[in-house]
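A.B. asks: Attaching a single structure in structure tokens format; questions to follow.
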Amino acid sequence: MKYGVIDVGGGLRGIYGAGVLDRCLEEDLRFDLCIGVSAGSANMTSYLAGQHGRNKPFYDEYSFRREYMSVHNLIRKHSYLDLGYVYGTLSNAGGENPLDYAALARSPAELCVVAANAQNGEAQYFTKADLHPDDYRILMASCCIPVIDQPCVIDGVPYFDGGLADPVPLEWAFAHGCDRVALILTKPIGLVSSDARDEHLAHLLQSHYPAAAEGLRRRALRYNTAVQRARELERQGLVCIIAPDSTEGMSTLTKNRAGLEKMYAKGKQDAEALVRWMQNTKQDESVGT
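Under our numbering, think of the first position of the sequence shown as 2, with each following residue one higher.
Here you go:
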């Protein structure tokens with residue numbers, strides 16, 4: 002049986018997913034296909050590398066630095082988030098908090114990092130083969146928020162945040178062989194996404210990247226539809242949804258130390274349901290064989 006896990010990210014709320022995946026490492030829970038969207042892609046690479054606790058300071062420490070996100074960056078570099086600082090300066094070998102690329106490469110699990118092609122609006126599903134030592138541009142692409150960041154260019158193609166094209170890649174996971182999928186959300190499952198903010202950003206993006214702008218307009222609908230489908234599959238035992246009961250006042254770029262700590266703690270605590278689900282599912286599988 003093939004097990005998949007999806008972390009949908011959500012800016013700094015992604016610390017919740019970091020907590021869930023750290024608990025998975027503590028319990029030695031392993032998945033066959035690991036899919037990350039936006040900040041979830043960074044969480045997933047650290048999980049596959051076995052680096053417990055690595056992602057937490059990216060949220061609750063580094064994000065408070067001017068080099069990470071600031072109006073200063075926006076003025077000087079035309080991007081509020083300096084993704085080169087996050088996934089280059091900090092993450093490369095010799096950096097302050099390097100990704101263990103060798104351990105990631107050795108992991109037998111498949112990796113999928115979702116980004117949105119800014120030119121045609123379609124989802125790009127990058128794999129482990131697209132990661133290279135000290136070249137983590139696919140993570141930058143997956144996390145690149147339109148309007149406040151310049152697109153991340155890979156092989157001549159500009160990319161934005163994967164949430165524009167496939168915010169909850171549940172169907173992709175099943176289409177690629179998964180029998181069971183764990184889905185990590187970063188806001189309450191009953192909280193319906195609104196398209197009001199996205200519509201405003203889409204208007205600003207329209208002239209340069211009309212297809213990406215359309216993706217922004219449809220993001221909330223795609224998210225809500227996918228979560229509803231996940232709830233249906235959860236009732237069938239095919240999906241396990243892990244989601245916080247509150248965002249603790251956190252939005253995508255809210256820098257609140259207390260909220261961040263609470264979200265991380267919630268992730269570790271809520272992962273207990275995932276541990277039980279995996280144990281029960283594997284037990285049922287062994288009984289049936």
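C-beta atoms are modelled at their ideal positions from N, C-alpha and C, and glycine is treated no differently. Note that this is a predicted model, so its numbers are computed, not measured.
Kindly indicate which three-state DSSP category L140 falls into: helix, strand or coil?
C.D. replies: In this structure, L140 counts as helix in the three-state DSSP scheme.
A.B. asks: Alpha carbon to alpha carbon, how far is T226 from I190?
C.D. replies: Answer to the nearest angstrom: the Cα atoms are 12 Å apart.
A.B. asks: Between G41 and G18, which are expected to be in contact by the criterion C-beta below 8 Å, what is the C-beta distance as a whole number of angstroms?
C.D. replies: Yes, G41 and G18 are in contact; Cβ-Cβ is about 6 Å, under 8 Å.
A.B. asks: With L100 and T46 assumed to form a contact (beta carbons below 8 Å), what rounded beta-carbon distance in angstroms separates them?
C.D. replies: Their Cβ separation, rounded to whole angstroms, is 6 Å, which keeps L100 and T46 in contact under 8 Å.
A.B. asks: The beta strand (DSSP E) with F59 in it runs from where to where?
C.D. replies: Taken as a continuous stretch (DSSP letters only), F59 belongs to no beta strand (DSSP E), being part of the alpha helix (DSSP H) at 57-61.
A.B. asks: For the segment 225-257, list the beta strand (DSSP E) runs that are entirely contained and at least 3 residues long, ordered along the chain.
C.D. replies: Correct list: 240-243.
A.B. asks: Under 8 Å, with one C-beta from each stretch per pair, do the segment 168-176 and the segment 68-82 reach the 3-pair mark?
C.D. replies: Counting Cβ pairs under 8 Å, fewer than three are found: no touch.
A.B. asks: Check each candidate in L234, P159, Q207, S208 and name the one with the smallest Cα separation from L182.
C.D. replies: Leu is not the amino acid found at residue 182; the sequence shown has Val there. Ranking the options by Cα distance to V182, first place goes to L234.
A.B. asks: Given a cut-off of 8 Å, decide if C179 and L91 are closer than it, judged by their beta-carbon atoms.
C.D. replies: No, these two residues do not count as a Cβ contact at 8 Å.
A.B. asks: Indicate the three-state DSSP secondary structure (helix, strand or coil) for I190 in the structure shown.
C.D. replies: Reduced to three states, the DSSP call for I190 is coil.
A.B. asks: Decide if S39 is buried, meaning its Cβ has at least 16 other Cβ atoms within 10 Å, or exposed.
C.D. replies: So S39 ends up on the buried side.
A.B. asks: In chain order, what residues of the same chain lie with their CB nearer than 6 Å to the CB of V6, ignoring the 5 residues before and after it?
C.D. replies: Around V6: F32, C35, A183.
A.B. asks: Can you name, in chain order, every residue of its own chain whose Cβ lies under 6 Å from the Cβ of R24, other than the five neighbours on each side?
C.D. replies: Here the set comprises K269, A272.
A.B. asks: Indicate whether L30 and S108 have their beta-carbon atoms separated by less than 8 Å.
C.D. replies: Their beta carbons are not under 8 Å apart, which means L30 does not touch S108 by this criterion.
A.B. asks: Using DSSP's beta-bridge definition, name the partner residues of P147.
C.D. replies: D150.
A.B. asks: Look at the alpha carbon of L140 and the alpha carbon of D131, and state the distance between them as a whole number of angstroms.
C.D. replies: Rounded to the nearest angstrom, the two C-alpha atoms are 10 Å apart.
A.B. asks: Can you check the segment 41-113 for any alpha helix (DSSP H) of at least 4 residues that lies completely inside it and give the ranges in chain order?
C.D. replies: Listed in chain order, the complete alpha helix (DSSP H) runs (minimum 4 residues) inside the segment 41-113 are 57-61, 72-78, 102-107.
A.B. asks: From Q52 to G11, what distance separates their C-alpha atoms?
C.D. replies: So the two alpha carbons sit approximately 21 Å from each other.
A.B. asks: Given a threshold of 16 other Cβ atoms within 10 Å of its Cβ, counted over all protein chains shown, does L205 qualify as buried or as exposed?
C.D. replies: It is exposed - the Cβ of L205 has fewer than 16 other Cβ atoms within 10 Å.
A.B. asks: Under 8 Å by Cβ, that's how I've got R223 and P147 pegged, so tell me the actual separation to the nearest angstrom.
C.D. replies: The Cβ separation is near 15 Å, so there is no contact.
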